[in-house]
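Engineer: Here the protein sequences come in this chain order: A and B. Just so we're aligned: 124 in my numbering is position 72 of the first sequence, and the numbers increase by one with no gaps anywhere. Just so we're aligned: 89 in my numbering is position 37 of the second sequence, and the numbers increase by one with no gaps anywhere. In this text, a Cβ means the ideal position worked out from N, Cα and C, and glycines have one as well. All values reported here derive from a predicted model rather than from experimental measurement.
2 protein chains.
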Amino acid sequence: METLGDQECLQLLRSHDLGRIAVVDRLVRPLIFPVNYFFDEGILVFRSNPGSKLDLAPGAIVCFEIDGWDADQAVGWSVLVKGIAHDITNPRGAPTGRMRYWPVQPAAPGSHEHWIGIWANEITGRGFRSDNQRAATRSNSE
Amino acid sequence: METLGDQECLQLLRSHDLGRIAVVDRLVRPLIFPVNYFFDEGILVFRSNPGSKLDLAPGAIVCFEIDGWDADQAVGWSVLVKGIAHDITNPRGAPTGRMRYWPVQPAAPGSHEHWIGIWANEITGRGFRSDNQRAATRSNSE
Numbered sequence: 053m054e055t056l057g058d059q060e061c062l063q064l065l066r067s068h069d070l071g072r073i074a075v076v077d078r079l080v081r082p083l084i085f086p087v088n089y090f091f092d093e094g095i096l097v098f099r100s101n102p103g104s105k106l107d108l109a110p111g112a113i114v115c116f117e118i119d120g121w122d123a124d125q126a127v128g129w130s131v132l133v134k135g136i137a138h139d140i141t142n143p144r145g146a147p148t149g150r151m152r153y154w155p156v157q158p159a160a161p162g163s164h165e166h167w168i169g170i171w172a173n174e175i176t177g178r179g180f181r182s183d184n185q186r187a188a189t190r191s192n193s194e
Numbered sequence: 053m054e055t056l057g058d059q060e061c062l063q064l065l066r067s068h069d070l071g072r073i074a075v076v077d078r079l080v081r082p083l084i085f086p087v088n089y090f091f092d093e094g095i096l097v098f099r100s101n102p103g104s105k106l107d108l109a110p111g112a113i114v115c116f117e118i119d120g121w122d123a124d125q126a127v128g129w130s131v132l133v134k135g136i137a138h139d140i141t142n143p144r145g146a147p148t149g150r151m152r153y154w155p156v157q158p159a160a161p162g163s164h165e166h167w168i169g170i171w172a173n174e175i176t177g178r179g180f181r182s183d184n185q186r187a188a189t190r191s192n193s194e
């Protein structure tokens, strides 16, 4: 298992648009939601319909993850973003106002009219080449 | 956004082997880890090297997620499993002993000698056909 460099993590975040956010609910249970996102300038922005994400994320420390698995090369990777989420639906200044023009395009139906930004405190990534021939073969054949 | 039926959720869990587990750390922050898994009989089993997953999951309520996005069909789905994780590395009885023979094959390197089972309390799934032509087109061209 290899640690990915900062530049590689940023490049992976910039070149993808689907990840998962984890939040903690009021009974200290984790929840995971897939979201389309846009990342730039150390900030990750997604949009939300009303619901648990919107109730729990703003003001909280959240975790965001993307990963990939190339069955042909038997190579896997993941990038983790930790940071504090803020509701930027009604921006108060230039930096958050600008984010409202970022190309965040939810694939799922709904107006997704609430915009949330995650200010990254920590970005880490890991990559590996599989030494498990069975796993590689199995995933290849799927 | 459409709710998936129980049978469809179980079928999706049985036909995949890579998902993500979320746990809550001691400072009430969520963490996400990609893991290979095997699901049967309402129990989801993965293996772990020593580290945060192993420190935080056993005895805790955790969340597990798989998702998929078919760019050609512009169809997306996700399945969420909530339950309590138990360390089954040293099984004390027949049910957990049997799970040690389940085909859980981590793609990542390492012995992954610790086995963890998630006893599902709740399994939910959602699916959608995208009405966002830009999102569908963009993901198609990637």
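Are the stretch 105–117 of chain B and the stretch 127–141 of chain B touching by the rule of at least three beta carbon pairs closer than 8 Å?
Structural biologist: The answer is yes - the stretch 127–141 of chain B touches the stretch 105–117 of chain B, with three or more Cβ pairs under 8 Å.
Engineer: Going by DSSP, what residue range makes up the alpha helix (DSSP H) through Ser104/B?
Structural biologist: Element bounds for Ser104/B: Ser104 to Leu108.
Engineer: For chain B, is any of its Cβ atoms less than 9 Å away from the one on Trp121/A?
Structural biologist: Taking Cβ atoms only, chain B reaches closer than 9 Å to Trp121/A, which makes this a yes.
Engineer: Considering only residues of the same chain and omitting the five flanking positions on each side of Ile175/A, which have a CB-CB separation below 6 Å?
Structural biologist: Closer than 6 Å at Cβ, skipping near neighbours: Cys61 and Val133.
Engineer: According to DSSP, which residues form a beta bridge with Asn88/A?
Structural biologist: Partner(s): Leu70/A.
Engineer: Using the Cβ count rule (16 or more neighbours within 10 Å means buried), how would you classify Asp58/A?
Structural biologist: Asp58/A is exposed by the Cβ-count criterion.
Engineer: Distance check for Pro161/A and Gly71/B, CA to CA, integer angstroms please.
Structural biologist: Near 23 Å, if we compare the C-alpha coordinates of Pro161/A and Gly71/B.
Engineer: For a cutoff of 9 Å on Cβ pairs, would you count Glu165/B as touching chain A?
Structural biologist: Judged by the 9 Å Cβ criterion, Glu165/B is not in contact with chain A.
Engineer: I'd like to know if Ala126/A contacts chain B, where contact means its C-beta is closer than 9 Å to some C-beta of that chain.
Structural biologist: Yes, Ala126/A counts as interfacial toward chain B.
Engineer: When the distance is taken between beta carbons, is Ile118/B closer than 9 Å to Leu79/B?
Structural biologist: Not closer than 9 Å, so no.
Engineer: What residues are listed by DSSP as bridge partners for Gly135/B?
Structural biologist: According to DSSP, Gly135/B bridges with Val114/B and Ala172/B.
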